[in-house]
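The structure appears below as structure tokens.
Numbering (the numbering used here), first residue to last: 16 to 254.
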């Protein structure tokens with residue numbers, strides 16, 4: 016009797032593992048999600064930082080309405096890409112840029128076929144729009160900028176801070192990421208509050224070293240994600 020029970024349990028275990036192997040024997044994900052988030056005020060890719068700029072939220076709605084979404088970070092120029100998607104004829108994915116320094120756009124629901132590279136485009140209104148220019152004289156960098164709140168930028172978040180971010184260590188200038196700027200040659204604009212919007216701000220920074228430097232203007236509002244609005248990254252040669 017004991018031997019019979021032993022063999023029965025052994026057969027059950029073998030059947031379980033065989034079934035498990037069959038279930039796991041699926042093709043790997045071979046489709047992808049790619050695209051760009053466009054800043055409506057410029058018509059160009061949304062200027063951000065990576066990571067901590069914005070995320071893409073996506074969920075496979077084919078499985079039902081209560082599926083937990085997944086997320087991945089967008090790039091500093093508004094582009095995004097994710098190569099681990101299961102594509103098939105009746106799939107249905109809901110995709111949306113979130114947690115950026117912009118008004119969250121409507122989600123897009125798309126079908127992604129096997130092996131397909133699904134390209135998407137979103138347009139967003141930034142919390143703050145920044146126009147800027149600069150002059151370099153020797154080691155003196157003068158930056159001028161005007162920050163405004165675009166029409167349709169709701170909800171309205173109070174201004175938190177503004178910076179001219181400068182570094183000669185990396186071309187990926189950022190604020191929330193470690194090493195994204197050098198404090199000694201960057202400059203916080205103070206005071207900078209609601210009354211500063213719409214006014215041209217001019218400030219001069221003395222750079223200490225020769226060589227390639229990178230900089231951009233940043234304005235941060237008190238939004239839930241602490242996300243920042245940026246200008247493009249500029250490259251200068253200091254002699």
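Don't be surprised by glycine CBs; every beta carbon is placed ideally from N, CA and C.
Going along the chain, which residues of its own chain have a beta-carbon closer than 7 angstroms to the beta-carbon of residue 37, five neighbours each way excluded?
Residue placement at residue 37 cannot be trusted, given a pLDDT of 48 that sits under 50; what the coordinates show is reported in the next sentence. Result list for residue 37: empty, nothing under 7 angstroms.
Measure the C-alpha to C-alpha separation of residue 164 and residue 42 and round it to an integer number of angstroms.
The alpha-carbon atoms of residue 164 and residue 42 are separated by roughly 48 angstroms.
What do you reckon, are the CB atoms on residue 158 and residue 236 nearer than 7 angstroms?
No; because the gap between Cβ atoms is not below 7 angstroms, this pair is not in contact.
Looking only at its own chain, which residues have a Cβ that is under 6 angstroms from the Cβ of residue 151, when we skip the five neighbours before and after it?
If we look at residue 151 and ignore the five residues flanking it on each side, its Cβ neighbours are 251.
Assuming residue 212 and residue 195 are in contact, meaning their beta carbons sit under 8 angstroms apart, how far apart are those beta carbons, in whole angstroms?
That pair is no contact at about 24 angstroms.
Rounded to whole angstroms, what is the Cα-Cα separation between residue 85 and residue 72?
Straight-line Cα distance between these residues: approximately 6 angstroms.
Could you give the C-beta distance for residue 45 and residue 130, rounded to a whole number, given that I count them as a contact under 8 angstroms?
Indeed, because the Cβ distance is near 5 angstroms, the residues count as touching under 8 angstroms.
Which first and last residues belong to the beta strand (DSSP E) in which residue 158 is found?
Looking at the DSSP string, the run of the beta strand (DSSP E) that includes residue 158 is 155-163.
Grouping DSSP H, G and I as helix and E and B as strand, with all else coil, what is residue 85?
Correct three-state label for residue 85: strand.
What residues in its chain sit with their C-beta under 6 angstroms from that of residue 137, if we drop five residues either side in the sequence?
So the qualifying residues of the chain are 52, 112, 120.
Given residue 231, which residues of its chain have a CB within under 7 angstroms of its CB, disregarding the five upstream and five downstream residues?
180, 188, 245, 246, 247, 248, 249, listed in sequence order.
Measuring only the C-alpha atoms, how far is residue 110 from residue 78?
Roughly 15 angstroms between the two C-alpha positions.
Short check: CB of residue 100 to CB of residue 145, under 7 angstroms?
No; because the gap between Cβ atoms is not below 7 angstroms, this pair is not in contact.
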